[in-house]
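>
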Amino acid sequence: MTVPLLPSQPSFPAVPSPDGALGLAAGPRARGAGGDPEGSPDAGESSGGGRVAFVFQGGGSLAAAHVGMLRALTEAGIVPDLVVGASAGALNAVAYASDPTLAGIDRTAAVWASIRRKDVAPLSARALVGGLIGRQDGLASSAGLRHLIESGLVVPRLEQTVIPAHVVTTDLETGRPVVLSRGDAVEALLATSAYPGVYSPVTIEGRRLIDGGVSADTPVRQAESLGATTTYVLPSVGPTPVAATAELVPHGAFALALRAMNQILGNAARADMSAVRGTVYLLPTPGTKTVNPFDFRGTRALIAAGYRLTLDWLRDPAPVPTSPPVSSPARSRTSIAAPATRLA
Numbered sequence: 008m009t010v011p012l013l014p015s016q017p018s019f020p021a022v023p024s025p026d027g028a029l030g031l032a033a034g035p036r037a038r039g040a041g042g043d044p045e046g047s048p049d050a051g052e053s054s055g056g057g058r059v060a061f062v063f064q065g066g067g068s069l070a071a072a073h074v075g076m077l078r079a080l081t082e083a084g085i086v087p088d089l090v091v092g093a094s095a096g097a098l099n100a101v102a103y104a105s106d107p108t109l110a111g112i113d114r115t116a117a118v119w120a121s122i123r124r125k126d127v128a129p130l131s132a133r134a135l136v137g138g139l140i141g142r143q144d145g146l147a148s149s150a151g152l153r154h155l156i157e158s159g160l161v162v163p164r165l166e167q168t169v170i171p172a173h174v175v176t177t178d179l180e181t182g183r184p185v186v187l188s189r190g191d192a193v194e195a196l197l198a199t200s201a202y203p204g205v206y207s208p209v210t211i212e213g214r215r216l217i218d219g220g221v222s223a224d225t226p227v228r229q230a231e232s233l234g235a236t237t238t239y240v241l242p243s244v245g246p247t248p249v250a251a252t253a254e255l256v257p258h259g260a261f262a263l264a265l266r267a268m269n270q271i272l273g274n275a276a277r278a279d280m281s282a283v284r285g286t287v288y289l290l291p292t293p294g295t296k297t298v299n300p301f302d303f304r305g306t307r308a309l310i311a312a313g314y315r316l317t318l319d320w321l322r323d324p325a326p327v328p329t330s331p332p333v334s335s336p337a338r339s340r341t342s343i344a345a346p347a348t349r350l351a
């Protein structure tokens, strides 16, 4: 049975902003898409006294569900002031921030539906041997992934997105998150997608950067340090784990290793979400029969499930319990953020 990418819905009319950027017609709960591109915690506060962020979790092919979630949020009139993403989530974050319309979301859905593992992670015996004996840093060429990113991007640089976009990567030497807010968008997305052992690290401004999911798979702390007071987390795996059933239990060494990694990242995500002092909304995660982030056969079903589950969730959204509000106004919101470097 063919699963439709997304239900057909009318798009919001495009509305030019005073500076010529493309915006969205405001829905009943919409926020402005503006804000300080530098991500200063004290700048660009909205008239409502806060800033809204969408945080996109990593998860490889499972991040396809974000596309359905975005459509449901957009139809509800919920538009962020900034977006933050790690790993595969960063690709969705930048694509959405570049064209935050229903038409743009549909284009991203089409890109996801076209992906095949051999296109983005071609593994060969030669590459495997080269990696094992230390002749190369990755088992797969990133050429296919680069082509995919280039074909799907609307803007060449991060600072040119309609909504300020921030890409979280990991410094290979220190293990700390590095937030990219400006510069070449393709290089930034290749860096945050550089899954250790699969793709080679990407060097930006002298730093060897790898998958952002290694240090901040659910970058809510980074969003808070960038000024977010209300955060919508678009998950792939981890924070809302699927209950184990006979058909969901992974088999084989690789699947078991991925399952263990997902549990570790899920625990870290829950800790991070409970530590922030703003309001955090965690969207539901679709169930999936696979824990393999390089299996793209179920992307259409994930997109449809993300849309359906988010529509249901929006009927009665409840925030995640977080730290109590700060009592002293002199205390910076960034004090609890995970150590991170900004490369503007």
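Count along the sequence shown starting at 1, add 7, and that's the number in our numbering. For each residue, glycine too, the CB sits at the ideal point set by N, CA and C.
(1) Just list the alpha helix (DSSP H) runs in the segment 48-93, keeping only unbroken ones of 4 residues or longer that don't cross its boundaries, in chain order.
(2) Buried or exposed for G213, going by 16 or more other Cβ atoms inside 10 Å?
(3) If you measure from the beta carbon of A223 to each beta carbon in chain C, is any gap under 9 Å?
(4) How would you label G204, buried or exposed, when you count the other beta carbons within 10 angstroms and need 16 or more for buried?
(5) Classify E180: buried if its beta carbon has 16 or more other beta carbons within 10 angstroms, exposed otherwise.
(6) By alpha-carbon positions, which one of L146, P171 and R114 ends up nearest to S158?
(7) Is it buried or exposed for G182, if we count other Cβ within 10 angstroms and need 16 for buried?
(8) A235 by DSSP, collapsed to three states: which one?
(9) Can you list, in chain order, the residues of its chain whose CB lies under 8 Å from that of N99, leaving out five sequence neighbours each side?
(10) Exposed or buried, which one is H173 when buried takes at least 16 other CB atoms within 10 Å?
(11) Any chance the segment 276-291 sits against the segment 225-237, with 3 or more Cβ pairs inside 8 Å?
(12) Nearest CA to the CA of L155: which residue from V185, R123, T168 and V169?
(13) Report the rounded CA-to-CA distance for D106 versus I170, giving the unit in angstroms.
(14) Run the CB neighbour count on A95, radius 10 Å, all protein chains shown included, and call it buried at 16 or more, exposed below.
(15) For G66 and A198, I'd like the C-alpha separation in whole angstroms.
(16) Return the CA-CA distance between D126 and S149, expressed in angstroms with no decimal places.
(17) Report the option in A325, A311, D224 and I85 whose CA atom is closest to the CA atom of A275.
(18) Helix, strand or coil: which one does DSSP assign to A278?
(19) Quick check on this structure: which residue in R307, Y288, V101 and L316 has the alpha carbon closest to the alpha carbon of L196?
Short version:
(1) Here the runs fully enclosed are 72-82.
(2) Counting the other Cβ atoms within 10 Å of the Cβ of G213 gives fewer than 16, which makes it exposed.
(3) The chain inventory of the structure shown lacks chain C, comprising one protein chain alone.
(4) So G204 counts as exposed.
(5) E180 comes out exposed.
(6) Minimum Cα distance to S158 is reached at R114.
(7) Residue burial is scored here from C-beta neighbours: G182 has fewer than 16 other C-beta atoms within 10 angstroms and is therefore classed as exposed.
(8) Judged by DSSP in its simplified three-state form, A235 adopts coil rather than helix or strand.
(9) Its chain contains F63, A70, H73, V74, L77, G92, T115 and L241 as the residues whose beta carbon lies nearer than 8 Å to that of N99, once the 5 sequence neighbours on both sides are disregarded; these appear in chain order.
(10) Result: buried.
(11) Taking 8 Å as the limit for Cβ pairs, the verdict is that the segment 225-237 does touch the segment 276-291.
(12) If we check each option's Cα against that of L155, R123 comes out closest.
(13) Going by the C-alpha atoms only, they are around 8 Å apart.
(14) By the Cβ-count criterion, A95 is buried, with 16 or more other Cβ atoms from all chains shown falling within 10 Å of its own Cβ.
(15) Their backbone Cα atoms lie some 15 Å apart in a straight line.
(16) If you draw a straight line from the Cα of D126 to the Cα of S149, it comes to about 9 Å.
(17) Ranking A325, A311, D224 and I85 by CA distance to the CA of A275 puts D224 first.
(18) Judged by DSSP in its simplified three-state form, A278 adopts helix.
(19) Of R307, Y288, V101 and L316, the residue nearest in Cα terms is V101.
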